[in-house]
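Just so you know, the protein sequences line up as chains A and B, in that order.
Numbered according to the working numbering, the first sequence terminates at residue 758, and the numbering increases by one at each position without gaps.
Numbered according to the working numbering, the second sequence terminates at residue 193, and the numbering increases by one at each position without gaps.
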Amino acid sequence: MTAIFNDSAFSRRELLKGGGALIVGFSLTGIPLAASAARGDAAGPPDPNAIDTWIAIHADNTATVYFGKCELGQGNTTGMLQIAAEELDLAMSQISAARLDTNVTPNQGATSSSSSIERGGPQLRAAAAEARRALLLLAARRLGVQINSLVVADGVVSVDGEGGFRSVKYGDLLGDKPFDVKFTGTAPQKPPNRYKLVGTRVPRIDLPDKMSGRYELVHHLRVPGMQHGRVVLPRGQRAFGAGAKPLGIDEGSIKHIPTARVVRKGDFVGVVADNEWDAVRAAQALKVTWQDGPELPGNANLFTQMRAQKTTDTVIADRGDVAKGFSGAAHQRSSAYFCPYQGHLPFGPNCALADVGPDGALVRSSTQDVYNAREMLARVLGMPLEKVRVQYYEGSGTFGRSCYEDAAQAAAIMSQAVGRPVRVQYMRWDEHGWDNYGPAHLAEVRAAVDADGKLVAYEYHGWQHGWTVTSTIQDIALQKPGVERASGSASITVNPMSTGSMYVVPNRRVISHAVPMQGYLRGAALRSPLDLSFAFASEQTIDELAYALKMDPFEFRRKNIGDKRWLGVLEAAANAAGWKPRVMASSLSNDEVVRGRGIGLGTHHVSYGAAVADIEVNRRTGMIVATHLYGALDAGLAVNPALVETQIIGQMIQSASRVLKEEVLFDKRGVTSLDWESYPVMRFAEHPAVTPVVVQRIDEPSTGAGEEVMGATVAAIANAFFDATGARLRQYPMTPERVLAALASRT
Amino acid sequence: MDLKINVNGREWPVSANPDMPLLYVLMNELELRGPRFGCGLAQCGSCSVLVDGVEVRACVTPVSKVAGKSVTTLEGLPALYAEQKRLPQAPALHPLAQAFIDQQAPQCGYCYNGMTIKAAELLAQNPRPTEAQIRAHMNGHICRCGTYPLILKAIQLASTRMAGDVR
Numbered sequence: 012m013t014a015i016f017n018d019s020a021f022s023r024r025e026l027l028k029g030g031g032a033l034i035v036g037f038s039l040t041g042i043p044l045a046a047s048a049a050r051g052d053a054a055g056p057p058d059p060n061a062i063d064t065w066i067a068i069h070a071d072n073t074a075t076v077y078f079g080k081c082e083l084g085q086g087n088t089t090g091m092l093q094i095a096a097e098e099l100d101l102a103m104s105q106i107s108a109a110r111l112d113t114n115v116t117p118n119q120g121a122t123s124s125s126s127s128i129e130r131g132g133p134q135l136r137a138a139a140a141e142a143r144r145a146l147l148l149l150a151a152r153r154l155g156v157q158i159n160s161l162v163v164a165d166g167v168v169s170v171d172g173e174g175g176f177r178s179v180k181y182g183d184l185l186g187d188k189p190f191d192v193k194f195t196g197t198a199p200q201k202p203p204n205r206y207k208l209v210g211t212r213v214p215r216i217d218l219p220d221k222m223s224g225r226y227e228l229v230h231h232l233r234v235p236g237m238q239h240g241r242v243v244l245p246r247g248q249r250a251f252g253a254g255a256k257p258l259g260i261d262e263g264s265i266k267h268i269p270t271a272r273v274v275r276k277g278d279f280v281g282v283v284a285d286n287e288w289d290a291v292r293a294a295q296a297l298k299v300t301w302q303d304g305p306e307l308p309g310n311a312n313l314f315t316q317m318r319a320q321k322t323t324d325t326v327i328a329d330r331g332d333v334a335k336g337f338s339g340a341a342h343q344r345s346s347a348y349f350c351p352y353q354g355h356l357p358f359g360p361n362c363a364l365a366d367v368g369p370d371g372a373l374v375r376s377s378t379q380d381v382y383n384a385r386e387m388l389a390r391v392l393g394m395p396l397e398k399v400r401v402q403y404y405e406g407s408g409t410f411g412r413s414c415y416e417d418a419a420q421a422a423a424i425m426s427q428a429v430g431r432p433v434r435v436q437y438m439r440w441d442e443h444g445w446d447n448y449g450p451a452h453l454a455e456v457r458a459a460v461d462a463d464g465k466l467v468a469y470e471y472h473g474w475q476h477g478w479t480v481t482s483t484i485q486d487i488a489l490q491k492p493g494v495e496r497a498s499g500s501a502s503i504t505v506n507p508m509s510t511g512s513m514y515v516v517p518n519r520r521v522i523s524h525a526v527p528m529q530g531y532l533r534g535a536a537l538r539s540p541l542d543l544s545f546a547f548a549s550e551q552t553i554d555e556l557a558y559a560l561k562m563d564p565f566e567f568r569r570k571n572i573g574d575k576r577w578l579g580v581l582e583a584a585a586n587a588a589g590w591k592p593r594v595m596a597s598s599l600s601n602d603e604v605v606r607g608r609g610i611g612l613g614t615h616h617v618s619y620g621a622a623v624a625d626i627e628v629n630r631r632t633g634m635i636v637a638t639h640l641y642g643a644l645d646a647g648l649a650v651n652p653a654l655v656e657t658q659i660i661g662q663m664i665q666s667a668s669r670v671l672k673e674e675v676l677f678d679k680r681g682v683t684s685l686d687w688e689s690y691p692v693m694r695f696a697e698h699p700a701v702t703p704v705v706v707q708r709i710d711e712p713s714t715g716a717g718e719e720v721m722g723a724t725v726a727a728i729a730n731a732f733f734d735a736t737g738a739r740l741r742q743y744p745m746t747p748e749r750v751l752a753a754l755a756s757r758t
Numbered sequence: 027m028d029l030k031i032n033v034n035g036r037e038w039p040v041s042a043n044p045d046m047p048l049l050y051v052l053m054n055e056l057e058l059r060g061p062r063f064g065c066g067l068a069q070c071g072s073c074s075v076l077v078d079g080v081e082v083r084a085c086v087t088p089v090s091k092v093a094g095k096s097v098t099t100l101e102g103l104p105a106l107y108a109e110q111k112r113l114p115q116a117p118a119l120h121p122l123a124q125a126f127i128d129q130q131a132p133q134c135g136y137c138y139n140g141m142t143i144k145a146a147e148l149l150a151q152n153p154r155p156t157e158a159q160i161r162a163h164m165n166g167h168i169c170r171c172g173t174y175p176l177i178l179k180a181i182q183l184a185s186t187r188m189a190g191d192v193r
């Protein structure tokens with residue numbers, strides 16, 4: 012068995028003591044590095060300006076790479092190792108990644124916004140290039156030649172043209188000793204046309220163990236003396252800001268479960284027991300009277316309330332004179348669009364293991380950001396930052412901020428209370444009911460064309476509330492109201508990239524109307540945040556203009572795109588689907604099952620996505636089945652095209668699920684969709700075929716590839732519905748009820 | 027009371043309350059990593075195991091219900107396959123697991139315990155299923171990462187390999 016991660020072999024006690032033996036290393040200059048601390052001894056982040064922070068070369072001629080981006084199931088570890096191995100001229104079998112750990116790995120920021128390869132990759136590439144240069148300097152000295160006469164293959168440095176006569180291994184130059192080299196960022200990097208590993212379909216390193224059952228997920232962690240904990244929360248969250256206030260707890264209600272005990276901190280309520288089933292039973296049996304919160308709008312009044320709310324408005328884009336553009340137009344179309352709250356809902360509910368003692372805390376969690384998790388845990392535990400250590404263990408696919416910080420904080424609170432390690436897993440209803448949901452969105456879109464089919468004006472107004480900064484467990488344990496991120500770079504506003512930016516429009520205005528989150532549901536980034544909603548609204552409006560002009564929607568888009576990369580993905584998706592020019596809804600039928608094909612564009616912040624969707628609509632039942640999706644993604648240099656293809660497949664299936672099925676249900680009191688029956692998702696029998704197309708651009712920087720074809724997919728499905736039926740659906744999910752209503756209003 | 031269960035060809039004494047769902051015994055007493063918690067409601071299939079060759083949801087099956095029966099988890103699938111095919115020894119991976127790797131199908135991989143168990147049940151009953159049969163058989167198993175198309179391809183690949191058409 013190959014280890015996926017190189018773990019430092021520290022015992023639990025050593026970790027908690029925060030001490031450890033000092034090692035004596037040797038620097039490149041041969042001077043002993045007396046009293047140099049062992050990796051992992053001290054609270055991080057380690058110095059990003061030292062090459063030793065990023066790379067270690069071992070005596071067996073292998074390397075360990077330390078980076079700060081989490082493997083979330085997207086395969087980024089394989090991609091990051093490809094980048095490092097390429098610059099170091101190592102084979103994939105010679106390189107491995109260290110586990111993310113606040114005492115060990117550098118802080119590269121959160122693993123969010125598909126940033127691993129885009130932003131984490133260049134940093135790692137530069138570090139590896141610098142490490143390679145340092146190794147070549149050592150080799151040149153050792154072999155007595157000039158550095159430019161050296162070549163490297165699989166970690167063996169040799170003199171060019173000698174057939175290996177004079178050579179030395181990396182491991183012999185530096186085996187397990189520090190580089191002691193500054194990360195200047197000036198080392199020469201390989202030109203892309205000399206890449207051997209980057210750009211190839213290297214198989215994922217984690218899959219063999221994942222398939223055999225050997226892979227250690229956070230859910231699998233067990234340590235001696237460990238207890239099991241469960242959170243106790245009302246079934247389904249109340250209005251944001253109201254928290255969860257217990258008025259009374261009847262501890263007698265769990266007397267029949269001998270090892271179970273209640274843990275409280277502020278308003279936090281949890282149960283701990285010796286075995287997991289007892290904790291599960293106790294959390295369900297514990298009688299708690301909860302204080303009622305303020306009223307929520309419920310699904311019924313959500314959009315009316317959002318539209319009427321006093322908002323903070325921001326002009327996101329403003330070009331030309333929109334009023335003038337509309338006044339001279341040949342055709343214009345406008346409509347409102349309604350987009351639901353949706354959940355992250357990792358398939359395995361979040362889980363964490365915490366060991367908190369008076370000397371420090373070790374928390375193992377599947378966070379997207381170990382350093383942010385540490386900060387939040389320190390606050391919740393009332394401990395100094397440097398006493399808290401967070402190690403990353405993979406959970407199940409999270410797609411943004413699900414309840415992972417909550418599980419970690421709950422485990423830490425309970426471990427602190429009982430003085431033993433505590434493992435917490437959320438129950439299905441906790442995860443469904445207390446998620447930080449992808450916010451609902453209301454759009455009013457208007458666009459116009461001239462008689463030649465050129466877009467002349469575009470206006471997008473979007474309403475949504477923001478994201479939570481704090482977590483549920485933190486809020487209730489510290490009895491502080493939740494905090495919304497209302498402004499700044501990480502707040503959510505209408506994304507100008509997703510709202511018409513792909514077209515040349517002389518007059519365009521995009522306005523974001525920020526609704527306060529207080530009194531709504533707790534929101535956070537959900538994969539391709541709100542881009543599905545923006546594309547649902549924007550790209551249907553574009554399609555309506557093509558229809559008004561009696562133009563093929565592919566041709567209409569082509570005519571209005573100015574950027575060759577947008578054109579590239581549009582054509583790639585259309586080619587893959589064998590697109591034949593035609594006016595939408597020009598062959599309507601009265602059959603029970605009718606077919607349609609649609610096209611759409613979209614992105615997140617960077618990269619370019621295009622999709623074609625084939626769907627079937629059952630006019631009697633209202634059921635929509637997506638039969639085949641074609642998706643093209645241009646993410647610059649695709650470090651591993653196979654990984655990008657699987658990302659396209661996952662994005663398209665998940666987008667089909669979200670536009671056809673997913674909606675958080677809530678009434679005035681709280682969230683009511685608490686399982687997979689009340690919150691249905693795409694299932695096996697109905698899943699579409701997917702044809703992924705990677706538009707490889709080897710000379711362009713790599714950009715995000717985990718979110719950027721989702722908006723396009725949703726748009727293509729919505730437009731295919733019009734093609735099949737001649738009716739527009741302006742609200743999603745496109746459920747049978749809404750389909751039947753749309754069909755009825757048309758006839 | 028003393029309960030014995032047979033898991034992956036071995037007898038295990040179980041100290042648990044007989045009402046405890048089998049899943050918690052497999053995860054915590056036997057420390058197996060295949061079956062895992064997903065919903066506790068028999069809605070998703072992450073906890074699936076085979077009991078006498080039939081897929082059941084371990085999260086809602088009391089451990090006492092499997093006494094005297096033969097439980098196979100993900101870890102036991104290669105040996106079960108060898109037994110079914112009368113192979114001299116168990117392969118390192120069940121052909122389904124190998125096909126999932128060859129197709130690079132999983133993302134987070136959390137649902138693949140259930141996917142592998144359910145597909146192994148299918149191929150043992152019906153070695154050459156049609157696409158429609160695969161879709162219908164697998165419908166009770168959810169994949170949140172959206173890898174269904176590759177799971178489908180991998181099951182077809184494993185079916186072909188298992189039938190000895192390609193090796």
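Beta carbons are placed, not taken as given, at the ideal position from N, Cα and C, and that holds for glycine.
Determine the DSSP secondary structure at residue i, reduced to helix, strand or coil.
{"i": "Asn88 of chain A", "result": "Checking the displayed sequence, the identity of residue 88 of chain A turns out to be Thr instead of Asn. It is helical."}
{"i": "Leu39 of chain A", "result": "Since pLDDT at Leu39 of chain A reaches only 41, below the 50 mark, its modelled position is unreliable, and no value is offered."}
{"i": "Asn629 of chain A", "result": "strand"}
{"i": "Gln490 of chain A", "result": "coil"}
{"i": "Trp288 of chain A", "result": "helix"}
{"i": "Ala371 of chain A", "result": "It should be noted that the sequence gives Gly, not Ala, for residue 371 of chain A. The answer is strand: DSSP assigns Gly371 of chain A an E or B state."}
{"i": "Ile34 of chain A", "result": "Reliability of the predicted coordinates at Ile34 of chain A is poor, the pLDDT of 34 falling under 50, and the value obtained from them is presented with this limitation in mind. DSSP places Ile34 of chain A in strand when its eight states are reduced to three."}
{"i": "Phe547 of chain A", "result": "helix"}
{"i": "Cys616 of chain A", "result": "For clarity, residue 616 of chain A is His in the given sequence; the question names Cys instead. The answer is coil: DSSP assigns His616 of chain A none of H, G, I, E or B."}
{"i": "Asn383 of chain A", "result": "helix"}
{"i": "Asp366 of chain A", "result": "strand"}
{"i": "Pro175 of chain B", "result": "helix"}
I'd like to check one pair, residue j with residue i: are the Cβ atoms closer than 8 Å?
{"i": "Tyr2 of chain A", "j": "Trp687 of chain A", "result": "A question about residue 2 of chain A goes unanswered here, because the residues of chain A that appear run from 12 up to 758."}
{"i": "Leu4 of chain A", "j": "Pro564 of chain A", "result": "Given that chain A is displayed from residue 12 to residue 758, the structure contains no residue 4 of chain A and the question cannot be resolved."}
{"i": "Ser223 of chain A", "j": "Ala150 of chain B", "result": "no"}
{"i": "Val381 of chain A", "j": "Thr113 of chain A", "result": "yes"}
{"i": "Arg318 of chain A", "j": "Leu453 of chain A", "result": "yes"}
{"i": "Tyr415 of chain A", "j": "Leu228 of chain A", "result": "no"}
{"i": "Cys137 of chain B", "j": "Ser72 of chain B", "result": "yes"}
{"i": "Gly277 of chain A", "j": "Gln490 of chain A", "result": "yes"}
{"i": "Tyr808 of chain A", "j": "Ala451 of chain A", "result": "There is no way to answer for residue 808 of chain A, as the model of chain A reaches only from 12 to 758."}
Report the neighbours of residue i on chain C: residues whose CB is nearer than 7 Å to its CB, in chain order.
{"i": "Met438 of chain A", "result": "Here chain C cannot be found, since the structure's protein chains are A and B."}
Inter-stretch contact (C-beta, 8 Å, three-pair minimum) for the segment 539-559 of chain A and the segment 732-750 of chain A: Note that the segment 539-559 of chain A touches the segment 732-750 of chain A; at least 3 beta-carbon pairs, one per stretch, sit closer than 8 Å.
Positions along the segment 173-184 of chain B whose CB lies within less than 9 Å of some CB in chain A: For the segment 173-184 of chain B, the beta-carbon criterion of a distance under 9 Å to any beta-carbon of chain A is satisfied by Thr173, Tyr174, Pro175, Leu176, Ile177, Leu178.
Members of the segment 37-65 of chain B that neighbour chain A once the beta carbon cut-off is set at 8 Å: Listed by position, the residues of the segment 37-65 of chain B near chain A (Cβ gap below 8 Å) are Ala42, Asn43, Met46, Pro47, Tyr50, Met53, Asn54, Glu57, Leu58, Arg59, Gly60, Arg62, Phe63, Gly64, Cys65.
Minimum length 4: unbroken alpha helix (DSSP H) runs contained in the segment 137-197 of chain A: List check, alpha helix (DSSP H) in window: 181-185.
The segment 185-192 of chain A / the segment 366-382 of chain A touching (three or more Cβ pairs under 8 Å): No: the two stretches stay apart, fewer than three of their Cβ pairs being nearer than 8 Å.
The segment 266-281 of chain A touching the segment 515-531 of chain A, judged by at least three CB pairs closer than 8 Å: The segment 266-281 of chain A vs the segment 515-531 of chain A: no contact.
The segment 153-172 of chain A contacting the segment 85-104 of chain A, beta-carbon criterion three pairs below 8 Å: A contact exists between the segment 153-172 of chain A and the segment 85-104 of chain A.
Near-chain B residues of the segment 348-367 of chain A (beta-carbon distance less than 8 Å), N- to C-terminal order: For the segment 348-367 of chain A, which is checked against every Cβ of chain B, the residues closer than 8 Å are Leu356, Pro357, Phe358, Gly359, Pro360.
Chain A contacts made by the segment 90-121 of chain B, where a contact means CB separation under 7 Å: Among the residues of the segment 90-121 of chain B, those with a Cβ less than 7 Å away from any Cβ of chain A are Leu100, Glu101, Leu119, in the order of the chain.
Contact the segment 596-612 of chain A vs the segment 701-713 of chain A: 3+ CB pairs below 8 Å: Of all C-beta pairs linking the segment 596-612 of chain A to the segment 701-713 of chain A, fewer than three are shorter than 8 Å, placing the two stretches out of contact.
Those runs of the alpha helix (DSSP H) which lie wholly inside the segment 41-114 of chain B and span at least 4 residues: DSSP runs (the alpha helix (DSSP H)) wholly in the segment 41-114 of chain B: 103-111.
Any 3 or more C-beta pairs closer than 8 Å across the segment 85-96 of chain B and the segment 62-70 of chain B: Touching, yes.
Under 8 Å (Cβ pairs) to chain B, residues found in the segment 218-234 of chain A: Legend: CB atoms of the segment 218-234 of chain A lying less than 8 Å from CB atoms of chain B belong to residues Leu218, Pro219, Lys221, Met222, Ser223, Gly224, Arg225, Tyr226, Glu227, Leu228, His230, His231, Arg233.
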